[in-house]
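The sequence shown begins at -12 in this note's numbering and counts up by one.
Report on one structure; see the data block that follows.
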Amino acid sequence: MTSFETRLKESLSAEDEAFLKNLEEGESLFGQLGATFTGPMKFWTGFAFMLGFIFFLGMIWCAVEISRAASVQEVGLWLAGFVFAMVATGMIKTWFWLRMTHLATLRELKRIELRLIRRAA
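Below, the structure is given as structure tokens:
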């Protein structure tokens, strides 16, 4: 065994073993979504969640106002607001999916690292 493998094996703690067992079980979609609200990005994630909710409510409000509009100009303005809110909501949802994918990739890398340590042992 090389010195690198020895250091790697020594750094493997009981916490890492428990983490590996947890990874083997997998995580549900809602579990992955909840995991985005932990770690150093939890405040940004909360901010993005609230912003997405506000844009969604704005989209619904614009849709209601489109049906109440009296002139074509009003319909055009409310439609522009609707499209903007819809695109903004979609972009925030895309950010959430990218964040979930990022965290899943980190979990997989950790799983591979722990398996390599086990194999070297």
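Quick reminder that beta carbons are idealized off the backbone N, C-alpha and C, glycines included.
For residue i, the three-state DSSP class (helix, strand or coil)
i: Ser54; result: helix
i: Glu14; result: coil
i: Thr25; result: coil
Closest Cα partner of residue i within the set the options
i: Gly39; options: Ile99, Ser(-10), Trp82 and Glu100; result: Trp82
i: Ser15; options: Met87, Ala107, Arg106 and Leu103; result: Met87
i: Ala22; options: Ala91, Lys97 and Ile104; result: Ala91
i: Trp31; options: Val59, Ile79 and Ala75; result: Ile79
i: Gly68; options: Val51, Ser58, Ala57 and Trp84; result: Val51
i: Cys49; options: Ser58, Val62 and Ala57; result: Val62
Residue span of the alpha helix (DSSP H) that contains residue i, given as start and end
i: Gly68; result: Val59 to Ala107
Assigned exposure category for residue i - 16 Cβ within 10 Å defines buried
i: Ala72; result: buried
i: Thr25; result: exposed
i: Leu17; result: Correcting the residue type first, residue 17 is Phe in the shown sequence and not Leu. Phe17 is exposed by the Cβ-count criterion.
Whole-Å CB distance - residue i paired with residue j, under 8 Å assumed
i: Ile53; j: Leu44; result: About 15 Å; that fails the 8 Å criterion.
i: Phe34; j: Ala75; result: Incorrect: roughly 14 Å between the Cβ atoms, too far for contact.
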